[in-house]
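Chains as they are written, first to last, in the UniProt record's numbering: chain A, 1 to 243; chain B, 1 to 221. Backbone N, C-alpha and C fix where the C-beta goes; we use that ideal spot for every residue, glycine too.
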Ligand SMILES: Nc1ncnc2c1ncn2[C@@H]1O[C@H](COP(=O)(O)OP(=O)(O)O)[C@@H](O)[C@H]1O
Ligand SMILES: [Mg+2]
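The structure is reproduced here in structure tokens:
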């Protein structure tokens with residue numbers, strides 16, 4: 001069953017065509033890692049999936065819901081099901097860690113404050129930050145902030161999680177703690193689409209690696225194939241550069 | 001008469017004038033806050049026509065002197081419509097519209113100062129625009145806006161003195177009326193100026209305290 005189905009997706013910013021013809025099907029419980037040079041359209045693809053960017057043409061279905069032609073109120077519903085983790089964390093600085101996580105379920109009236117806080121504490125335990133519940137984000141390290149951001153996304157109980165270079169803004173010593181949380185999530189069966197430069201993570205966790213260049217999917221396959229035996233010259237060049 | 005004697009003699013009239021000044025300021029600022037928030041939100045809208053409406057309003061307010069605005073509302077509009085407008089009402093309308101225009105710009109600046117990722121994070125959780133705006137963007141915007149907001153309060157308070165010209169008995173007009181009787185211009189204007197000064201210093205002190213309180217951080221227990 002296809003959890004995320006992308007057909008003939010194109011996206012332009014003005015005259016600049018960033019995504020040229022993307023076709024991709026992501027299955028339930030699958031972990032996809034998207035790699036590719038900077039500016040190749042990886043973030044744009046991810047942002048089209050939850051309609052932070054409006055696609056120019058083509059269709060995107062998530063859980064059978066058509067994202068590309070959804071009305072605003074439908075889109076708000078669909079997005080509840082699609083968690084997103086950003087490179088810059090984007091935690092809400094005026095809320096405590098706990099409030100950051102409880103916020104959306106309470107604001108959307110899906111949970112009472114008490115229910116949400118209980119769930120948030122459990123989520124904080126999962127990302128190993130229980131003791132930081134009543135602290136403001138600016139007092140946390142980057143790695144801790146990103147783990148809170150993951151917990152915040154999980155609070156909506158999403159079916160799919162999108163990660164846009166979740167460790168790129170982190171000091172090297174904090175990359176591991178975030179990747180570990182993501183590994184745990186993958187093991188628990190979360191469907192994940194991860195844009196990353198962490199080739200080690202892709203090799204270990206991904207079911208499929210997708211190499212994007214200049215708006216096309218140039219190569220895809222299991223990590224051992226893509227990393228061990230890349231077929232396309234552009235993939236080979238890219239891997240030589242980053243490995 | 002000396003200044004202390006003048007104060008004792010005119011105390012209740014001066015306080016009455018000051019009360020009127022403060023009342024005009026408060027009522028106008030409340031209405032202006034509603035106008036400013038409304039037009040500030042329009043000015044960051046994705047819809048072009050809504051942005052244009054906000055732009056026209058702000059440009060008119062900024063592009064004309066307050067005195068002309070007051071005359072237009074007190075004399076101009078009633079003349080065109082053949083009605084009479086109470087000066088206090090005209091004064092409140094003028095000040096509200098005027099401060100509303102400047103507040104709209106302050107709100108726009110505040111909203112735009114919030115990192116774009118905040119709106120995206122909120123929307124990615126499934127929040128509608130309105131909720132994301134009121135619960136995520138505006139609370140942060142208002143923090144950065146606080147100095148400008150308080151500055152506008154002080155400006156509006158001072159601007160009430162211009163309304164003396166249409167006959168509102170606020171502090172400046174009260175001073176003029178007293179001088180018309182006793183001809184002690186130097187002493188009376190000194191008293192009036194000091195009264196404005198004290199009120200504004202008090203406001204400034206309060207605002208400094210609010211600003212300090214509003215900085216982030218410090219655990220919540
Ligand atoms: N909002 C935007 N407006 C205009 N151009 C954009 C916008 N977002 C991204 N781009 C451009 O689209 C291209 C792909 O960007 P992006 O998807 O962020 O690449 P990647 O994440 O692979 O580095 C880049 O050339 C970038 O400058
Ligand atoms: Mg990117």
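Simplified DSSP assignment, three categories, for residue 1 of chain B: Translated into positions along the second chain, residue 1 of chain B becomes position 1. When DSSP states are grouped into helix, strand and coil, residue 1 of chain B belongs to the coil group.
Checking the sheet assignment: what are the DSSP bridge partners for residue 25 of chain A? If you number the first chain from 1, residue 25 of chain A lands on position 25. Looking at the DSSP output, residue 25 of chain A bridges to A:5.
Taking the alpha helix (DSSP H) that residue 44 of chain A falls in, what are its first and last residues? Taking the first residue of the first chain as position 1, residue 44 of chain A is located at position 44. Residues 42-49.
Exposed unless 16 or more other CB atoms sit within 10 angstroms - verdict on residue 208 of chain A: Locating residue 208 of chain A in the first chain gives position 208, counting from the first residue. That one is buried.
Less than 8 Å between the CB of residue 44 of chain A and some heavy atom of ligand 1, yes or no? Locating residue 44 of chain A in the first chain gives position 44, counting from the first residue. Result yes, Cβ under 8 Å from ligand 1.
Find the residues of chain B that neighbour residue 94 of chain A, judging by a C-beta separation of less than 9 Å, and give them in chain order. Working through the first chain from its first residue, we reach residue 94 of chain A at position 94. Here the neighbours are 136, 139, 140, 143, 216.
Between which two residues does the beta strand (DSSP E) holding residue 192 of chain A run? Taking the first chain and counting its residues from 1, the one referred to as residue 192 of chain A is at position 192. For residue 192 of chain A, the enclosing beta strand (DSSP E) begins and ends at 191-195.
Expected contact under 8 Å - CB spacing of residue 36 of chain B and residue 109 of chain B to nearest Å: Working through the second chain from its first residue, we reach residue 36 of chain B at position 36. Working through the second chain from its first residue, we reach residue 109 of chain B at position 109. Contact flag wrong, Cβ pair sits at about 11 Å.
What alpha helix (DSSP H) runs, 4 residues minimum, are completely inside the region 156-195 of chain A? Runs of the alpha helix (DSSP H) inside the region 156-195 of chain A: 172-187.
Between which two residues does the beta strand (DSSP E) holding residue 211 of chain A run? Residue 211 of chain A sits at position 211 when you count from the first residue of the first chain. Where residue 211 of chain A is concerned, the enclosing beta strand (DSSP E) stretches over 208-213.
Could you name the residues of chain A that residue 130 of chain B contacts, counting a contact when the two beta carbons are closer than 9 Å? Working through the second chain from its first residue, we reach residue 130 of chain B at position 130. Chain A residues near residue 130 of chain B: none, gap ~10 Å exceeds 9 Å.
Closest by C-alpha distance to residue 238 of chain A, when choosing among A:18, A:36, A:4: In the first chain, residue 238 of chain A corresponds to position 238, counting from 1. For the residues A:18, A:36, A:4, the minimum Cα distance to residue 238 of chain A belongs to A:36.
C-beta neighbour in chain A for residue 120 of chain B, strict 9 Å: Mapped onto the second chain, residue 120 of chain B falls at position 120. Judged by the 9 Å Cβ criterion, residue 120 of chain B is in contact with chain A.
List the endpoints of the continuous alpha helix (DSSP H) containing residue 198 of chain A. Indexing the first chain from 1 puts residue 198 of chain A at position 198. Looking at the DSSP string, residue 198 of chain A is not in any alpha helix (DSSP H), and its letter there is neither H nor E.
So, with DSSP's three-state summary, where would you put residue 218 of chain B? Here residue 218 of chain B refers to the residue found at position 218 of the second chain. With a pLDDT of 43 at residue 218 of chain B, under the threshold of 50, the modelled position of this residue cannot be trusted; read the value that follows with caution. Collapsing the DSSP output to three states places residue 218 of chain B in coil.
Assign residue 198 of chain A to buried or exposed, taking buried as 16 or more other Cβ atoms, counted over all protein chains shown, within 10 Å of its Cβ. By one-based count along the first chain, residue 198 of chain A stands at place 198. Around the beta-carbon of residue 198 of chain A, 16 or more other beta-carbon atoms lie within 10 Å, marking it buried.
Taking the beta strand (DSSP E) that residue 218 of chain A belongs to, which residues open and close that run? The residue given as residue 218 of chain A occupies position 218 in the first chain. Here the beta strand (DSSP E) through residue 218 of chain A covers 216-221.
If you reduce the DSSP assignment to three classes, tell me which class residue 64 of chain B lands in. As a position in the second chain, residue 64 of chain B is number 64, starting the count at 1. DSSP places residue 64 of chain B in coil when its eight states are reduced to three.
Report the option in A:149, A:142, A:138, A:219 whose CA atom is closest to the CA atom of residue 124 of chain A. For the purposes of this step, residue 124 of chain A is identified with residue 124 of the first chain, where counting begins at 1. It is A:149 whose Cα lies nearest to the Cα of residue 124 of chain A.
Is there a C-beta anywhere in chain B that falls below 9 Å from the one on residue 180 of chain A? As a first step, residue 180 of chain A is located in the first chain; it is residue number 180 there, counting from the start. No, residue 180 of chain A lies away from the interface with chain B (no Cβ there is under 9 Å from its Cβ).
Short of 7 Å in beta carbon distance, which residues of its chain neighbour residue 33 of chain B, apart from the five on each side in sequence? Order them along the chain. Position 33 of the second chain, counted from the start, is the residue given in the question as residue 33 of chain B. Listed in chain order, the non-local C-beta contacts of residue 33 of chain B below 7 Å within the same chain comprise 103, local neighbours out to five positions each way being set aside.
Whose CA, out of A:115, A:38, A:228, A:48, lies closest to the CA of residue 124 of chain B? Sequence index remark: in the second chain, residue 124 of chain B carries index 124 (1-based). Looking at the Cα atoms, A:48 is the closest of the given residues.
Which residues in the same chain have their Cβ closer than 7 Å to the Cβ of residue 122 of chain B, if we skip the five residues on either side of it in sequence? For the purposes of this step, residue 122 of chain B is identified with residue 122 of the second chain, where counting begins at 1. Non-local C-beta neighbours of residue 122 of chain B in its own chain, meaning closer than 7 Å and more than five positions away in sequence, comprise 132, 136, ordered along the chain.
Helix, strand or coil at residue 66 of chain A [DSSP, three-state]: Locating residue 66 of chain A in the first chain gives position 66, counting from the first residue. Reduced to three states, the DSSP call for residue 66 of chain A is strand.
Looking at residue 41 of chain A and ligand 1, is the gap between the Cβ and the nearest heavy atom below 8 Å? The count along the first chain starts at 1 and reaches residue 41 of chain A at position 41. Yes, Cβ of residue 41 of chain A sits closer than 8 Å to a heavy atom of ligand 1.
Applying the 10 Å Cβ sphere with the 16-neighbour rule, what's the burial state of residue 49 of chain B? Indexing the second chain from 1 puts residue 49 of chain B at position 49. Exposed, by the Cβ-count rule.
Helix, strand or coil at residue 244 of chain A [DSSP, three-state]: Only positions 1 to 243 of chain A appear in the structure, and residue 244 of chain A is not among them; the question remains open.
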